[in-house]
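Take a look at the structure below.
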Amino acid sequence: MDNHIKKVYVPMTETGFYILLCLREESHGYGIVKKTELLTNGEIKISPGTLYGSLSKMEKDGLIKYIKEEDKRKIYCITELGTEVLELEMKRIERLYKNMVEAK
Amino acid sequence: MKNTKTELRFFSVPEWKKEETYLREQHKNGWKFVKVSGFCVYHFEKCVPEDVIYQLDYNQNGIAHKEEYVKMFNDCGWEYLQDYVGYSYFRKAASEMDGVEEIFCDDASRLDMMKRVFKGRLIPLLAIFFLIIIPQMIQQSLIDTPFSRGLMILFCIMFVVYLGMFISFAIPYWKYYKSVHKE
Chain A
5 MDNHIKKVYV PMTETGFYIL LCLREESHGY GIVKKTELLT NGEIKISPGT
55 LYGSLSKMEK DGLIKYIKEE DKRKIYCITE LGTEVLELEM KRIERLYKNM
105 VEAK
Chain B
247 MKNTKTELRF FSVPEWKKEE TYLREQHKNG WKFVKVSGFC VYHFEKCVPE
297 DVIYQLDYNQ NGIAHKEEYV KMFNDCGWEY LQDYVGYSYF RKAASEMDGV
347 EEIFCDDASR LDMMKRVFKG RLIPLLAIFF LIIIPQMIQQ SLIDTPFSRG
397 LMILFCIMFV VYLGMFISFA IPYWKYYKSV HKE
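From first to last, the protein sequence lines are chains A and B.
Residue numbers for the first sequence follow my numbering, so the first one is 5 and each next one is one higher.
Residue numbers for the second sequence follow my numbering, so the first one is 247 and each next one is one higher.
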């Protein structure tokens with residue numbers, strides 16, 4: 005993983021995190037919105053402008069890849085690099101969580 | 247009574263938030279936005295007054311892949327209206343939202359949009375500013391004729407207008423930048 009990717013994606017935005025998390029399974033943009041809503045009890049509603057920008061950027065940076073198009077919706081899936089980034093981010097959040105619990 | 251109206255309104259490059267508010271206010275007053283065309287001519291038609299949120303995106307990649315771009319907004323309940331000088335127009339009724347909804351949900355993506363506007367719209371203006379306005383001001387200040395004084399005044403006005411535009415772009419940009427890079 006090069007430094008550019010690390011600098012841009014670690015730490016990443018909450019939206020970015022949920023996009024990668026959802027794309028461990030193939031999905032289109034709206035699928036990500038729905039799944040994120042479900043995972044967060046409706047608290048996080050990803051907006052289309054944010055989503056479109058993030059998906060384009062992540063595809064360009066090789067974190068996700070385009071699979072196919074269905075009914076004008078592009079379907080994506082996470083790549084190896086994307087998985088690496090996601091795992092790095094998960095570790096960071098785990099550490100954050102551990103320290104938070106200890107500090108309580 | 248007329249059922250349509252047109253208004254001439256000028257919004258400079260960094261003023262899309264003002265434009266969104268303008269369109270929302272019109273709809274609240276019973277004037278539904280139809281299109282903007284020509285040189286800043288806004289067309290409206292009479293409607294039942296309603297609170298409708300208007301939003302502008304600036305995404306050339308999206309315009310190049312129009313179908314899937316618009317589809318994503320439609321899926322999220324946003325109606326696509328048109329493109330105008332690189333901006334895409336969307337609207338959604340406030341009654342269909344739970345809470346406040348925008349087409350961007352974090353400052354990182356708001357900053358990304360501003361970066362796209364900077365590349366697409368602001369760089370040409372900066373070029374005019376540094377390559378024409380400033381050199382002309384210097385040149386005209388060296389000549390002392392009534393004509394050059396007239397030109398000097400003209401370039402001074404342009405200088406102030408452009409500077410104002412850059413500042414009104416830089417303030418929200420800086421705000422989002424700080425919010426994204428606070429760590």
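Note that the Cβ used here is the ideal one computed from N, Cα and C, for glycine as well.
As the structure is a prediction and not an experimental result, all values here were calculated from the model.
Exercise. For a contact meaning CB atoms closer than 7 Å, what does residue 50(A) contact in chain B?
Worked result: 351
Exercise. List, in order along the chain, the chain B residues whose C-beta lies closer than 7 Å to that of residue 60(A)?
Worked result: 307
Exercise. When the cut-off is 9 Å and only beta carbons count, does residue 75(A) lie next to chain B?
Worked result: yes
For this session: Kindly indicate which residue of 310(B), 338(B), 267(B), 332(B) has the alpha-carbon position closest to the one of residue 319(B).
Result: 338(B)
Problem set entry | Length of the line joining the Cα atoms of residue 388(B) and residue 377(B) | 17 Å
Problem set entry | C-beta atoms of residue 43(A) and residue 90(A) nearer than 9 Å | Residue 43(A) is not a Cβ neighbour of residue 90(A), given a cutoff of 9 Å.
For this session: Specify the secondary structure class of residue 327(B) as computed by DSSP and reduced to three states.
Result: strand
Problem set entry | Environment of residue 99(A) [buried if 16+ CB atoms lie within 10 Å] | Label assigned to residue 99(A): exposed.
For this session: Would you kindly work out how many angstroms separate the C-alpha atoms of residue 324(B) and residue 313(B), rounded to a whole number?
Result: A direct Cα-to-Cα measurement between residue 324(B) and residue 313(B) gives close to 14 Å.
Problem set entry | Cβ-Cβ distance between residue 282(B) and residue 289(B) below 9 Å | yes
For this session: For residue 78(A), go through chain B and note every residue whose CB falls closer than 7 Å to its CB, in chain order.
Result: Within 7 Å Cβ-Cβ: 314.
Exercise. Going along the stretch 314-336 of chain B in order, which residues come within less than 7 Å of chain D, judged by CB to CB distance?
Worked result: Reference to chain D is not applicable here, since the protein chains of this structure are A and B.
Exercise. By how many angstroms is the C-alpha of residue 317(B) removed from the C-alpha of residue 407(B)?
Worked result: 38 Å
For this session: Under 8 Å between beta-carbons, which chain A residues line up against residue 342(B)? List them in chain order, please.
Result: The contacting residues do not exist; residue 342(B) stays about 12 Å from chain A at best.
For this session: Starting from residue 280(B), trace the beta strand (DSSP E) both ways and give me its first and last residue.
Result: 277-283
Problem set entry | Span of the alpha helix (DSSP H), counted from its first residue to its last, around residue 302(B) | Note, residue 302(B): premise wrong, no alpha helix (DSSP H); beta strand (DSSP E) at 298-304.
Exercise. Name the chain A residues that come within less than 8 Å of residue 218(B), Cβ to Cβ?
Worked result: Here chain B comprises residues numbered 247 to 429, so residue 218(B) is not present and cannot be evaluated.
Problem set entry | From 419(B), 371(B), 254(B), 343(B), residue whose alpha carbon lies closest to that of residue 404(B) | 371(B)
For this session: For chain B, find out if any of its Cβ atoms is closer than 9 Å to the Cβ of residue 101(A); answer yes or no.
Result: no
For this session: Identify, in the order they occur along the chain, each residue of the same chain with its Cβ nearer than 8 Å to the Cβ of residue 250(B), setting aside the five sequence neighbours on each side.
Result: 280, 289, 290, 291, 292
Exercise. Could you give the C-beta distance for residue 93(A) and residue 48(A), rounded to a whole number, given that I count them as a contact under 8 Å?
Worked result: Contact flag wrong, Cβ pair sits at about 16 Å.
Exercise. What residues match up with residue 288(B) in a beta bridge as DSSP calls it?
Worked result: For residue 288(B), DSSP records a beta bridge to 253(B), 282(B).
Problem set entry | Beta-carbon proximity list for residue 427(B), same chain, < 6 Å, skipping 5 on both sides | none
Problem set entry | Inter-residue Cα distance where the pair is residue 287(B) and residue 103(A) | 57 Å
Problem set entry | Residue from 417(B), 418(B), 303(B) with nearest C-alpha to residue 328(B) | Of the candidates 417(B), 418(B), 303(B), 303(B) places its Cα closest to the Cα of residue 328(B).
Exercise. Can you tell me whether DSSP reads residue 311(B) as helix, strand or coil?
Worked result: coil
Exercise. Can at least three beta-carbon pairs, one atom from the stretch 382-402 of chain B and one from the stretch 340-353 of chain B, be found at a separation below 8 Å?
Worked result: no
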